[in-house]
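Colleague:
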Amino acid sequence: GDSVTQMEGPVTLSEEAFLTINCTYTATGYPSLFWYVQYPGEGLQLLLKATKADDKGSNKGFEATYRKETTSFHLEKGSVQVSDSAVYFCALMDDYKLSFGAGTTVTVRA
Amino acid sequence: EAGVAQSPRYKIIEKRQSVAFWCNPISGHATLYWYQQILGQGPKLLIQFQNNGVVDDSQLPKDRFSAERLKGVDSTLKIQPAKLEDSAVYLCASSPRTRQETQYFGPGTRLLVL
Numbered sequence: 010g011d012s013v014t015q016m017e018g019p020v021t022l023s024e025e026a027f028l029t030i031n032c033t034y035t036a037t038g039y040p041s042l043f044w045y046v047q048y049p050g051e052g053l054q055l056l057l058k059a060t061k062a063d064d065k066g067s068n069k070g071f072e073a074t075y076r077k078e079t080t081s082f083h084l085e086k087g088s089v090q091v092s093d094s095a096v097y098f099c100a101l102m103d104d105y106k107l108s109f110g111a112g113t114t115v116t117v118r119a
Numbered sequence: 087e088a089g090v091a092q093s094p095r096y097k098i099i100e101k102r103q104s105v106a107f108w109c110n111p112i113s114g115h116a117t118l119y120w121y122q123q124i125l126g127q128g129p130k131l132l133i134q135f136q137n138n139g140v141v142d143d144s145q146l147p148k149d150r151f152s153a154e155r156l157k158g159v160d161s162t163l164k165i166q167p168a169k170l171e172d173s174a175v176y177l178c179a180s181s182p183r184t185r186q187e188t189q190y191f192g193p194g195t196r197l198l199v200l
């Protein structure tokens, strides 16, 4: 079945550091790929998405490129802020069903 | 536009007790989802409604979990009787229609079963 594997956390960074969270997937079809973010005390929010190979999703300085050849969708941000502290979930959608990774907790220190 | 509302936000019960969670989706959203998020894991779909009909409940432990969406608007998820392993965050999400990529999530209800 479909599955998502993402980098284990927690990840602790200093402000302005470069962030990357690895995500790989297994799917039988051609899924859409997502990154969701969960800030403390809040619900999951869609951060970005890509619907086909080589698409790049971007939002709030975050980027991820759909790489079909490596079945990956790694999340990157060039300069993180304290406000980026959250749990990040990689997910895939196949036949309109979402499958999530386990989440990666990111803490950014001032 | 108001988001997905859930209540209560937190609940502590003893095993074998019953508990119910409520969700009010975004106005006009036909599709409603309940997810279970166990600590350290990603959300797992329990049940999906389209209006007041069930689209997918293949992952719902039907011996103890039940859900309804009367009138196709708000929804209730019940656990009876609860087990220790039911301790999790229960997330509700909605989308305008079934075959829609973007789901909008509520803040969740955190359940602790002692």
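So the protein lines, in turn, are chains A and B.
Residue numbers for the first sequence follow this note's numbering, beginning at 10 and rising by one.
Residue numbers for the second sequence follow this note's numbering, beginning at 87 and rising by one.
Cβ coordinates follow ideal geometry from the N, Cα and C atoms, glycine included.
For A/Leu-57, would you say it is in contact with chain B, using Cβ-to-Cβ distances shorter than 9 Å as the test?
Modeller: Within the first sequence, residue 57 of chain A is the residue found at index 48, counting from 1. It does not: the Cβ of A/Leu-57 has no partner Cβ on chain B nearer than 9 Å.
Colleague: Mapping DSSP to helix, strand and coil, what is A/Val-20?
Modeller: Mapped onto the first sequence, residue 20 of chain A falls at position 11. The answer is strand: DSSP assigns A/Val-20 an E or B state.
Colleague: Got a sec: is the Cβ-Cβ distance from B/Gly-192 to anything in chain A below 9 Å?
Modeller: In the second sequence, residue 192 of chain B corresponds to position 106, counting from 1. At least one chain A Cβ lies under 9 Å of B/Gly-192.
Colleague: Looking at C-alpha atoms only, which residue of B/Thr-188, B/Gly-158 and B/Ser-180 is the closest neighbour of B/Asn-137?
Modeller: Numbered from 1 along the second sequence, position 51 holds the residue referred to as residue 137 of chain B. Among B/Thr-188, B/Gly-158 and B/Ser-180, the Cα nearest to that of B/Asn-137 belongs to B/Gly-158.
Colleague: Do A/Val-115 and A/Ala-100 have their beta-carbon atoms positioned less than 9 Å apart in this structure?
Modeller: The count along the first sequence starts at 1 and reaches residue 100 of chain A at position 91. The count along the first sequence starts at 1 and reaches residue 115 of chain A at position 106. No; because the gap between Cβ atoms is not below 9 Å, this pair is not in contact.
Colleague: Between A/Thr-80 and A/Tyr-48, what straight-line distance do the alpha-carbon atoms span, to the nearest angstrom?
Modeller: Locating residue 80 of chain A in the first sequence gives position 71, where the first residue counts as 1. Locating residue 48 of chain A in the first sequence gives position 39, where the first residue counts as 1. The alpha-carbon atoms of A/Thr-80 and A/Tyr-48 are separated by roughly 27 Å.
Colleague: Which same chain residues, not among the five before or five after A/Arg-76, have their C-beta less than 6 Å away from its C-beta?
Modeller: Position 67 of the first sequence, counting from 1, holds the residue named residue 76 of chain A. There are no such residues.
Colleague: For a contact defined as C-beta to C-beta under 7 Å, what are the partners of B/Thr-188 on chain A?
Modeller: Mapped onto the second sequence, residue 188 of chain B falls at position 102. Within 7 Å Cβ-Cβ: Leu-55.
Colleague: Do B/Leu-163 and B/Ile-133 count as a contact pair if the criterion is CB distance below 9 Å?
Modeller: As a first step, residue 133 of chain B must be located in the second sequence, where it is residue number 47. As a first step, residue 163 of chain B must be located in the second sequence, where it is residue number 77. Their beta carbons are under 9 Å apart, which means B/Ile-133 touches B/Leu-163 by this criterion.
Colleague: May I ask you to list, following chain order, the residues of the segment 106-117 of chain A that have a beta carbon less than 9 Å from some beta carbon of chain B?
Modeller: Against chain B - using a Cβ distance shorter than 9 Å - the residues of the segment 106-117 of chain A are Lys-106, Leu-107, Ser-108, Phe-109, Gly-110, Ala-111 and Gly-112.
Colleague: In chain order, what residues of the same chain lie with their CB nearer than 6 Å to the CB of B/Gln-189, ignoring the 5 residues before and after it?
Modeller: Numbered from its first residue, the second sequence carries residue 189 of chain B at position 103. Contacts found: Ala-179 and Ser-181.
Colleague: Starting from the beta carbon of B/Gly-126, find every residue of chain A whose beta carbon is closer than 9 Å, and list them in chain order.
Modeller: The count along the second sequence starts at 1 and reaches residue 126 of chain B at position 40. Correct list: Ala-111 and Gly-112.
Colleague: Work out the CA separation of B/Ile-98 and B/Gln-145 for me, nearest whole Å.
Modeller: Position 59 of the second sequence, counted from the first residue, corresponds to residue 145 of chain B. Position 12 of the second sequence, counted from the first residue, corresponds to residue 98 of chain B. Rounded to the nearest angstrom, the two C-alpha atoms are 24 Å apart.
Colleague: Tell me, please, whether the CB atom of B/Leu-197 is closer than 9 Å to any CB atom in chain A?
Modeller: Within the second sequence, the letter at position 111 stands for residue 197 of chain B. Taking Cβ atoms only, chain A never reaches closer than 9 Å to B/Leu-197, which makes this a no.
Colleague: Rounding to the nearest angstrom, what Cα-Cα distance links A/Ala-26 and A/Ser-88 in this structure?
Modeller: Here residue 26 of chain A corresponds to residue number 17 of the first sequence, with the count starting at 1. Here residue 88 of chain A corresponds to residue number 79 of the first sequence, with the count starting at 1. Their Cα atoms are separated by approximately 5 Å.
Colleague: Which bits of chain B does A/Ser-41 rub up against, with CB to CB less than 8 Å?
Modeller: By one-based count along the first sequence, residue 41 of chain A stands at place 32. Going along chain B in sequence order, the residues near A/Ser-41 (Cβ under 8 Å) are Glu-187.
Colleague: Less than 9 Å separating the beta-carbons of A/Trp-44 and A/Lys-58?
Modeller: Position 35 of the first sequence holds residue 44 of chain A. Position 49 of the first sequence holds residue 58 of chain A. Yes, Cβ-Cβ distance for A/Trp-44 and A/Lys-58 is below 9 Å.
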